[in-house]
Amino acid sequence: MSLYITDECINCDMCVPECPNDAITMGKVYYQINADSCTECEGFYDEPQCIPVCPVDCILPLA
2 MSLYITDECI NCDMCVPECP NDAITMGKVY YQINADSCTE CEGFYDEPQC IPVCPVDCIL
62 PLA
């Protein structure tokens, strides 16, 4: 499973240092998550670390 960032992202940079897989990078307009690299922090933490630090709640599970 993977996460994605919606277009509500305000480019605050809070999520980037939280990702143990370096899956979050700056896209053309806002941050994006590489679905091939994102593991939802499995193997590192019990839950994704980027979600709780996001001030606008724009990080969601990829359905």
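For the sequence shown, this note's numbering assigns the number 2 to the initial residue and increments by one for each residue that follows.
All C-beta atoms in this analysis are idealised placements derived from N, C-alpha and C, irrespective of residue type, glycine included.
- A straight-line Cα-Cα distance of about 13 Å links E19 and D47.
- Taking a 10 Å sphere around the C-beta of P49, we find 16 or more other C-beta atoms and assign the residue as buried.
- The shortest C-alpha to C-alpha distance from P21 to any of M27, Q33, I6, E43 is the one to E43.
- Look at I34 here: in three-state DSSP terms it is strand.
- Secondary structure note for I52: its alpha helix (DSSP H) is the uninterrupted segment 51-54.
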